[in-house]
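Under our numbering, the letters of the sequence shown match residues 29 to 712, in that order.
Here a beta-carbon is modelled for each residue, glycine too, at the ideal position from N, C-alpha and C.
None of the values given here were measured: they were computed from a predicted structure.
Working notes for the structure below.
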Amino acid sequence: MKTVLRRTAVTALALTAGIAAACILMAGAQAATGELSLKRVVLSTGGVGYLESEATADGDATLTLDVPLDQVDDVLKSLIVYDPKGSAGEITLPGREPLTQSFADLPFDRAALNSEVDLLNALQGAEIKVTAPRVISGRLVHVDQDTATGPGGIAEPRDWVSVMTDTGLQRFALRSADAIAFTDAALQHQVETALNRIAAYRATGRRQLTLQAHGSGQRTVRVGYVVGMPLWKATYRLSLPTDPNVATAHLQGWAVLENMSGRAWQDVQLTLLSGNPVTFRQALYESYYVPRPSVPVESGGHVLPPADNGTVVMAQSFAAKANEEPAGARRRDLATSAPALAAPPPPPVAAPMPAPIEAASAEEGATQVAFTAPYRVSVAAGQSLVLPLLDRDLPAQRTDLYQSSVDRLHPLAAIGLRNDTGTGLPPGVLTLYQQGDPGALYLGDARLAAFPAGDKRLLSFAIDNKVMIDSSSSTRRPVIKASIADGVLHLGRAVRSTTMYAVKANTPPSKLLIEQPRNPAAKLIAPDPNGVEVTPGAYRLPVTLGDKGQATLSVVEEQPVEETIRLLDIADDRLDVLVSSTELDAKTRQLLGDLAARRQKAAQQRAELNRLKEQRGQLVEDEKRLRANLAVLGNDPVMHKAQLDKFNDTETAIETTTKDITSAANSLATSERDLNAYIAHLTL
């Protein structure tokens with residue numbers, strides 16, 4: 029069979045090959061027993077979606093799955109096949125750069141298919157046969173181009189094909205040939221392969237996966253995978269009754285979602301998951317190469333042995349002994365001395381196959397809640413959908429909640445809800461209405477955090493200006509215990525923080541809660557902790573209003589802290605404060621008073637020692653001055669005697685002061701030793 033290239037250029041060849049490729053694909057589709065169609069969609073608040081398709085298979089089947097290019101990584105990471113009467117086979121798909129790699133095994137590149145001239149020049153040396161205007165058979169040499177003047181004097185390019193025939197080199201105009209045939213069947217197959225690959229990879233934004241299902245009998249094969257999807261959002265509408273004493277409110281929940289899967293959803297089962305699963309991406313569709321070190325080629329180097337100048341008698345003796353050695357002895361020695369061949373390594377142990385997993389399904393799982401639509405859903409690709417989640421009454425109570433971080437003077441109007449639906453509710457925004465005879469009234473918006481089953485939530489939606497709250501705070505640090513050991517004073521204090529709230533309400537709310545920031549290290553002393561609700565960061569304190577809508581609340585927290593003071597390093601003023609403190613008991617104050625007296629004695633001695641040292645320094649300076657005066661007085665006996673007397677008196681004073689310094693230093697050292705010993709043995 030021959031490949032024929034006609035004058036309609038390579039586009040005709042591409043069209044023919046494209047039709048052939050389409051026929052091949054159609055044949056493959058007919059060979060498959062079913063077509064994968066989307067049946068189930070599961071969207072998660074983790075930002076992913078699970079898409080499950082089904083196909084009916086009978087025996088071995090080939091299934092195709094078309095996915096967007098940006099989802100291929102996720103599909104390769106998560107694709108799973110459920111075949112009740114068979115097993116999953118291999119999965120193939122084009123590479124990320126298919127045309128670059130697909131032409132690597134062909135004798136021409138992608139550019140060779142741009143025109144018939146490019147293709148012929150890329151196949152130089154190929155055997156061709158040309159028909160009309162004359163028959164030419166031979167090997168293709170080259171296609172050259174020149175310009176000729178056509179009708180009307182217009183320059184027209186002409187392509188000339190050179191062919192080496194049995195009779196020599198012949199040349200013909202490319203556009204004058206009716207057909208050019210490649211006589212090599214292998215070359216024909218390569219050209220058709222290239223065109224088929226171009227047709228298969230034409231959709232650059234998508235990839236087609238081919239899945240092999242091996243089994244017997246007719247069955248339903250399901251194929252699912254997880255890809256990145258916009259997270260679905262929950263929104264709520266809460267309708268309050270006109271009568272504030274009614275202890276219920278009507279809650280409607282809606283889910284807002286988008287179909288960004290790249291596939292239309294036609295009559296699919298839709299499930300929404302509320303949770304926070306661990307999700308991530310991995311670039312599995314990329315080609316990675318492990319870097320390897322480059323090592324030089326090892327060689328023996330250049331060896332230049334010295335020239336042999338011949339031998340003498342010893343060589344003859346050696347040759348004689350060598351001749352006396354039995355034939356084959358050296359061969360036996362070599363054979364016995366050579367190491368035995370190592371046994372081949374055992375074959376590698378096959379990797380264990382994962383055991384089949386059967387997971388239980390429930391509306392509320394360990395980490396997430398599933399909401400399944402009660403009917404089939406159809407959403408076109410790129411469209412949004414608002415789906416109802418729930419519609420029922422919940423236990424509710426109107427409450428005012430004071431949060432100083434939100435408003436310093438007024439509490440927030442809030443509604444307390446209890447989730448008795450039996451399942452958790454996902455977080456979302458909430459719009460509040462109040463029912464009335466003329467119609468509903470808008471009250472405000474609130475935010476609903478994740479709402480587990482049986483839990484309670486306070487939803488604040490407005491400022492209640494009818495209630496005013498004033499607050500003031502104070503802190504005391506009384507000492508509750510003291511101890512001394514190893515020269516360290518340990519003071520145990522109770523840090524008492526007191527916050528006073530004064531409430532005045534023109535129209536008292538049915539319930540008022542004051543939220544007080546909570547210190548995790550402190551203990552609530554007042555009011556009674558038994559009637560207080562606790563959040564991760566605050567206390568919620570109930571307030572009972574009087575007949576005039578007024579009330580006061582005192583909140584006291586106590587935190588034990590310990591203060592350590594090294595008695596050897598304590599400052600004098602700090603020690604004086606402790607001695608005079610009424611928070612310490614009499615015995616502690618007495619011990620600290622004795623310590624203060626000893627420290628004062630040592631301080632006085634230290635000051636006296638410093639004074640004597642300064643005095644001696646001044647005398648030394650005077651002595652230097654007098655010695656200088658004596659050197660310049662000359663022969664005046666009266667002046668010389670007067671200066672000499674002063675010099676002698678100064679020298680005597682220096683000696684006396686030096687003795688006093690020694691005595692003062694000894695006294696100070698004794699006092700400091702006594703002080704250190706007193707501190708070391710002081711216990712309380």
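Just the Cα atoms here: how many angstroms apart are residue i and residue j?
{"i": "A262", "j": "W282", "result": "6 Å"}
{"i": "R186", "j": "T120", "result": "45 Å"}
{"i": "Q280", "j": "R265", "result": "5 Å"}
{"i": "A277", "j": "R426", "result": "10 Å"}
{"i": "R247", "j": "N224", "result": "32 Å"}
{"i": "L298", "j": "N287", "result": "11 Å"}
{"i": "Y253", "j": "L415", "result": "23 Å"}
{"i": "Q618", "j": "R634", "result": "24 Å"}
{"i": "Q643", "j": "P665", "result": "30 Å"}
{"i": "A550", "j": "E700", "result": "42 Å"}
{"i": "Q632", "j": "V531", "result": "60 Å"}
{"i": "N638", "j": "V583", "result": "56 Å"}
{"i": "Y470", "j": "A442", "result": "14 Å"}
{"i": "L151", "j": "D206", "result": "19 Å"}
{"i": "A554", "j": "V255", "result": "54 Å"}
{"i": "L647", "j": "L661", "result": "21 Å"}
{"i": "A348", "j": "V323", "result": "Interpretation of A348 is limited by its pLDDT of 46, a score under 50 that renders its predicted location unreliable; the figure taken from the coordinates is listed afterwards. Whole-angstrom Cα-Cα distance: 48 Å."}
{"i": "Q173", "j": "I164", "result": "20 Å"}
{"i": "P455", "j": "T73", "result": "10 Å"}
{"i": "S389", "j": "A83", "result": "Low per-residue confidence applies at S389: pLDDT is 31, beneath 50, and the placement is therefore not dependable, though the value from the model is reported in the following sentence. Their Cα atoms are separated by approximately 23 Å."}
Buried or exposed for residue i, please, with buried defined as at least 16 other CB atoms from any protein chain shown within 10 angstroms of its CB.
{"i": "P439", "result": "buried"}
{"i": "K615", "result": "exposed"}
{"i": "A308", "result": "The sequence shown places Phe at residue 308, rather than the Ala named in the question. Classification of F308: exposed, given that the 10 Å Cβ count is below 16."}
{"i": "D86", "result": "exposed"}
{"i": "I497", "result": "buried"}
{"i": "R320", "result": "exposed"}
{"i": "K576", "result": "exposed"}
{"i": "P536", "result": "buried"}
{"i": "L437", "result": "exposed"}
{"i": "K687", "result": "exposed"}
{"i": "T395", "result": "exposed"}
{"i": "P506", "result": "exposed"}
{"i": "M667", "result": "exposed"}
Go to residue i, then tell me how far its beta strand (DSSP E) extends in each direction, as first and last residue.
{"i": "A167", "result": "Residue 167 is actually Arg in this sequence, not Ala. Its beta strand (DSSP E) spans residues I164 to T177."}
{"i": "D419", "result": "S412 to Q431"}
{"i": "T400", "result": "Q396 to T400"}
{"i": "L569", "result": "A566 to V571"}
{"i": "V76", "result": "V76 to D86"}
{"i": "A474", "result": "L469 to L476"}
{"i": "Y461", "result": "G456 to Q462"}
{"i": "R138", "result": "Here R138 belongs to no beta strand (DSSP E), and DSSP marks it neither H nor E."}
{"i": "E118", "result": "G114 to T120"}
{"i": "D483", "result": "Premise fails: D483 is in no beta strand (DSSP E) and is neither H nor E."}
{"i": "R320", "result": "No beta strand (DSSP E) holds R320; DSSP gives it neither H nor E."}
{"i": "V407", "result": "V405 to V407"}
For the candidate residues the options, whose alpha-carbon lies nearest to that of residue i?
{"i": "E80", "options": "N558, V251, R436 and S412", "result": "V251"}
{"i": "E118", "options": "L91, D101, S130 and G245", "result": "L91"}
{"i": "V516", "options": "F200, I707, A89 and W293", "result": "I707"}
{"i": "G450", "options": "I689, L640, D465 and F399", "result": "F399"}
{"i": "G444", "options": "L429, V284, D435 and L453", "result": "L429"}
{"i": "L476", "options": "D419, N638 and L458", "result": "L458"}
{"i": "G153", "options": "L147, T159 and L168", "result": "L168"}
{"i": "E590", "options": "A693, S511, V189 and D498", "result": "S511"}
{"i": "L71", "options": "G303, E683, K509 and R524", "result": "G303"}
{"i": "F675", "options": "K652, R644 and D271", "result": "K652"}
{"i": "T260", "options": "M528, L417 and Y529", "result": "The amino acid at residue 260 is misidentified as Thr; the sequence shows Trp. Residue L417 is the option with its Cα nearest to W260."}
{"i": "W293", "options": "L413, P269, E314 and L197", "result": "L413"}
{"i": "L710", "options": "Q671, S322, H518 and D514", "result": "D514"}
{"i": "L202", "options": "L147, R234, N694 and Q216", "result": "L147"}
{"i": "R472", "options": "Y461, L696 and V284", "result": "The sequence as given places Gly at residue 472; Arg does not occur at that position. Minimum Cα distance to G472 is reached at Y461."}
{"i": "P272", "options": "A481, E683, A227 and K539", "result": "K539"}
Tell me where the alpha helix (DSSP H) around residue i begins and ends.
{"i": "A697", "result": "P665 to A708"}
{"i": "T159", "result": "From DSSP, T159 is part of no alpha helix (DSSP H) but of the beta strand (DSSP E) over E155 to T159."}
{"i": "L104", "result": "V100 to S106"}
{"i": "R634", "result": "A614 to V660"}
{"i": "R602", "result": "D600 to S608"}
{"i": "D498", "result": "Not the alpha helix (DSSP H): D498 falls in the beta strand (DSSP E), residues V495 to R504."}
{"i": "L147", "result": "E144 to A150"}
### Message
I'd like the ranges of any beta strand (DSSP E) spanning at least 3 consecutive residues and lying wholly in the stretch 209 to 292.
### Response
Here the runs fully enclosed are 234 to 243, 246 to 256, 261 to 268 and 276 to 286.
### Task
Can you check the stretch 528 to 579 for any beta strand (DSSP E) of at least 3 residues that lies completely inside it and give the ranges in chain order?
Uninterrupted beta strand (DSSP E) stretches at least 3 residues long and entirely within the stretch 528 to 579 occur at 540 to 545, 551 to 554 and 566 to 571, given in chain order.
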